Amino acid sequence: MVEAFAVASGKGGTGKTTSTLALGMALADRYDVTVIDADTGMANLLFHAGLDDADVTLHDLLVAERDVPVEAAVYDRFGMSVVPCGTSLTAFEEADPERLRDVVAELAADTDVLLLDSPAALGSKSAVLPVVLADRVVVVLQPTVPSLSDGLKVQEYARSYGTETAGVLFNRVRPDEDVESIADQAARYFGGTTLASVPESDAVRAARRAGEPLLAHAPRDPAADAFHEAAANLDVRAGDAAGVADRFRSAVVPDRP
1 MVEAFAVASG KGGTGKTTST LALGMALADR YDVTVIDADT GMANLLFHAG LDDADVTLHD
61 LLVAERDVPV EAAVYDRFGM SVVPCGTSLT AFEEADPERL RDVVAELAAD TDVLLLDSPA
121 ALGSKSAVLP VVLADRVVVV LQPTVPSLSD GLKVQEYARS YGTETAGVLF NRVRPDEDVE
181 SIADQAARYF GGTTLASVPE SDAVRAARRA GEPLLAHAPR DPAADAFHEA AANLDVRAGD
241 AAGVADRFRS AVVPDRP
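Letter 224 of the sequence shown, counting from 1, is numbered 224 in UniProt numbering, and no numbers are missing.
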């Protein structure tokens, strides 16, 4: 079985990468999980996962001339397989985003859940491709109307390519925010379900400084509990790995969003 989820937000600052790794660790209690940093232009997952010294990254797999095997960029971290992306501007410019199709297709053959940490905006081919490739999208929001609006743009674009919404995750929720009212609005406009409401937490910032996912750094923090709740509410569907791989390889890459 395998299902690919794009974790997307439509804007920066929502805690998308933190959410991707936290969901991955929580899901790894039940599934084989592979996390891919598909934000090839503004990658930072490697810092969250303690992989800032990784010798081989996704960028190397996206440059045809380098002929690097996919497994060379896969690292066993925190009970997951993690594929970080580098931060070099030169490597980003040399990378061919269309090669992501074959990379994801190969990874799909040996995992249950693929989580694609997606770029915050939809302004380029490399940015929209994770949303196009995924089976479904998890939309990470803050409980504000502007954040809802940005998330709806992601959902609209995803649906135009046949990618449905798995659910909405409210993140970085402050005590003074009326998350229930915003969640009611989200329920009317978004597909899927509200997965969880994750409170703002100092432990998230401490985990980032330590180069660890939140669930490894502070497993008993209320934010960690909320991510476990989100993972429990995410219904993972059993897809055929060979069929999923073929779909990825034949996916039509949009010329522009």
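Glycine is no exception: its CB is placed at the ideal position from the N, C-alpha and C atoms.
Since the structure is predicted, the reported quantities are computational estimates derived from the model, not experimental observations.
- In terms of Cβ geometry, G167 and G192 form a close pair [threshold 8 Å].
- When D32, L27, L45 and A28 are compared, the shortest CA-CA separation from G15 is found for L45.
- One alpha carbon belongs to T20, the other to D37, and they sit about 9 Å apart.
- Annotated three-state conformation of V103 is helix, per DSSP.
- Listed as beta-bridge partners of F170 by DSSP are L141 and S197.
- Counting only the Cα atoms, V33 lies some 15 Å from A230.
- Under a 10 Å Cβ-count criterion, D112 is classified as buried, with 16 or more other Cβ atoms of the shown protein chains found around its own Cβ.
- If you compare the alpha carbons of V128, V137 and P175 with that of L114, the shortest gap goes to V137.
- Taking C-beta atoms as the reference points, A226 and S181 fail to come closer than 8 Å.
- About 6 Å separates the beta carbons of V131 and A8, which is inside the 8 Å limit, making them a contact pair.
- When DSSP reads this structure, E164 sits in a beta bridge with R136.
- According to DSSP, S19 shares a beta bridge with no other residue.
- Here E94 is near V63, since their CB atoms are less than 8 Å apart.
- The continuous alpha helix (DSSP H) containing D202 extends over residues D202 to A210.
- When only Cα atoms are considered, A108 and Y189 end up about 30 Å apart.
- Only exposed fits R205, as fewer than 16 other CB atoms lie within 10 angstroms of its CB.
- CA-CA distance, D96 to V83, rounds to 17 Å.
- Scanning the region 36-79 from its first residue to its last, the whole beta strand (DSSP E) runs of 3-plus residues come out as 75-77.
- Take the alpha-carbon of L195 and the one of A26: they are about 13 Å apart.
- Within the DSSP secondary-structure output, D117 pairs in a beta bridge with V7 and D37.
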